[in-house]
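Peer 1:
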Amino acid sequence: MNKTILFDVDGVFLSEERYFDASSLTIWEMLFSEKYIGIEGQDFTPAPEEKVIRRVRTEIFANDQVLTFLKAQGINSNWDMVYLVVSYHLICLVAKLQEAKQEEVRELLTNQIGRAEIKNIQALLKEANLSFVPDYAAFVSDFAKGNVEKSEMLLYLNQIAYEKCGIATNIFARTSTLWELCQETFQEWYLGDGLIADSIGRAAHQVGKRGFLSDEIPIIEPAVMREVLQGLRDRGYRLGVGTGRPSIETYVPLKELGILEFFDPDCIVTASHVLEAEQQFPETAPLSKPHPYCYFQGYLTRGKGVSAALSCQLTEEERKNLLVVGDSVADLMAARSIGCQFAATLTGLTGEEAREKFEKANAEFVLRDVSEIAAIEF
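Numbered by numbering that gives the first Met the number 0, the letters in the sequence shown go through residues 0 to 377 in order.
1) Alpha carbon to alpha carbon, how far is Trp188 from Val147? Give it in angstroms, no decimals.
2) Report the rounded CA-to-CA distance for Leu30 versus Val85, giving the unit in angstroms.
3) Ignoring anything shorter than 4 residues, give me the alpha helix (DSSP H) runs that lie fully in the segment 137-174, in order along the chain.
4) Please determine, among Lys149, Thr174, Gln64 and Leu322, the residue with the shortest C-alpha to C-alpha distance to Ala284.
5) Flag this pair as yes or no: are the beta carbons of Thr168 and Leu108 separated by less than 8 Å?
6) Just to confirm the assignment: which complete beta strand (DSSP E) runs, minimum length 3, are found wholly within the segment 309-345?
7) Are Leu66 and Leu153 closer than 8 Å when you measure CB to CB?
8) Along the chain, where does the alpha helix (DSSP H) containing Phe31 start, and where does it finish?
9) Nearest CA to the CA of Glu39: which residue from Lys125, Thr344 and Glu48?
10) What's the C-alpha gap between Met0 and Glu315?
11) Taking just the CA atoms, how far does Ser310 sit from Tyr292?
12) Who does Arg237 pair with in a DSSP beta bridge?
13) For Leu299, collect the residues of the same chain with a Cβ closer than 7 Å to its Cβ; drop the 5 residues on either side in sequence, then sort them by chain order.
14) Please determine if the segment 220-237 and the segment 268-285 are in contact, where contact requires at least 3 C-beta pairs separated by less than 8 Å.
15) For Arg318, I'd like the list of residues in its chain whose CB is within less than 6 Å of its CB, leaving aside the five on either flank, ordered along the chain.
16) Let me make sure I understand the geometry here. Which of Phe280, Phe60 and Gln97 has the alpha-carbon closest to that of Phe131?
17) Who does Phe185 pair with in a DSSP beta bridge?
18) Buried or exposed for Asn62, going by 16 or more other Cβ atoms inside 10 Å?
19) DSSP three-state label for Leu228, please.
20) Relative to the alpha-carbon of Glu151, which residue among Asp192, Met80 and Ser22 has its alpha-carbon at the smallest distance?
21) Evaluate contact between the segment 240-248 and the segment 264-271, counting only Cβ atoms and requiring at least three cross-stretch pairs below 8 Å.
22) Specify, as a first and last residue, the run of the alpha helix (DSSP H) that Phe357 falls within.
23) If you count every other CB in all the chains shown that lies within 10 Å of the CB of Val206, and 16 or more means buried, which is it?
The following block contains the structure:
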């Protein structure tokens, strides 16, 4: 039986840093831009200088405490990260607004929140003459109290809304209007004005963003990585990808690095494919990691169809012949759900500090970086 290796991309081949930067800028925009909630106290711009990006990320993610917490809970999708943080601060804001606008807040929290509702929050803030300063570090402490992880975190927002506002709601979920708004706004930041229409089917809501696609940083020298992947192919391994990146953000940089050709095209599964699967079977959402869907689909190939991947159960022999390579807890959780082997790379957010975590979780392989995959036998 042929052996298959399925790779994550961020933290394995490409640095996650610009993705995290784009996430923080998306949250910043949705909280402080006049086109969104418009909280006072920050001079928002769609074209921030590098020093501004550094400041924004430091503030929004509380010196990366929020990022580290989210990754440890198995949240792998930047879209989910943005949604969780934006929704949390929105809840905190309307909890304060509730003192002056009780009925309006109840209406907001019991219906879907889209652009019109976001602008309504801005108007209510001005009417109430209310100032609001987000407590970025409180995100971690409030979610830690719930002891939830993975997709449960998105639903736990409803509990936080109840605790802070006393209003029972179920609007916070993966299949929500606000999630879609966060997802599209993140895409505007990462792709920039020139490419965004190809991704979301419209121009940017707020123009002026140059995008980060041209700023991709390879973790391993491309020539070295090509040699490693060629060696794996020569040994008979089938190579694929399971990533939380959308398609354009996967294919373009991998092609520019000269490594796209080493992967079986039908074994590449991106966040765009996951989104299509969720649209086809909405009752199964969320299917992003740590759900194993992208790896099942990559193993079976995209030609097999979504339903086959959703119902897939590998035989013992198939599990022994599948290796997932990733840098995150979400990748490890997905591999454990499948029952296959897992190789952790120590090139993610916390670097070498992640070694102990992966060793305690009994990862079959722990690699300093993905180039060490060349020495693996399984």
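Cβ atoms here follow ideal geometry from the backbone N, Cα and C, with glycine treated the same way.
Source: prediction; values computed, not measured.
Peer 2: Looking at the coordinates:
1) It is roughly 29 Å from the alpha-carbon of Val147 to the alpha-carbon of Trp188.
2) Their Cα atoms are separated by approximately 7 Å.
3) Correct list: 137-145 and 151-164.
4) Each of Lys149, Thr174, Gln64 and Leu322 was checked against the Cα of Ala284, and the nearest Cα belongs to Thr174.
5) Using a Cβ distance threshold of 8 Å, Thr168 and Leu108 count as a contacting pair.
6) Taking only runs of at least 3 residues, the beta strand (DSSP E) segments lying wholly in the segment 309-345 are 321-325 and 340-344.
7) No.
8) Looking at the DSSP string, the run of the alpha helix (DSSP H) that includes Phe31 is Glu16 to Phe31.
9) Taking only the C-alpha atoms, the option nearest Glu39 is Lys125.
10) Their Cα atoms are separated by approximately 12 Å.
11) Cα to Cα, Tyr292 sits roughly 9 Å from Ser310.
12) Arg237 pairs with Thr3.
13) Excluding positions up to five away in sequence, the list reads Ala307, Ala308 and Cys311.
14) The segment 220-237 makes no contact with the segment 268-285: fewer than 3 CB pairs, one atom from each, lie closer than 8 Å.
15) Around Arg318: Gly338 and Cys339.
16) Relative to the Cα of Phe131, the nearest Cα in the group Phe280, Phe60 and Gln97 belongs to Gln97.
17) Beta-bridge annotation (DSSP): Phe185 is not paired with any residue.
18) Result: exposed.
19) DSSP, reduced to helix, strand and coil, places Leu228 within a helical segment of the structure shown.
20) Ranking Asp192, Met80 and Ser22 by Cα distance to Glu151 puts Met80 first.
21) Cβ pair count under 8 Å is three or more, so yes.
22) Per DSSP, the unbroken alpha helix (DSSP H) holding Phe357 starts and ends at Ala353 to Lys359.
23) Val206 comes out exposed.
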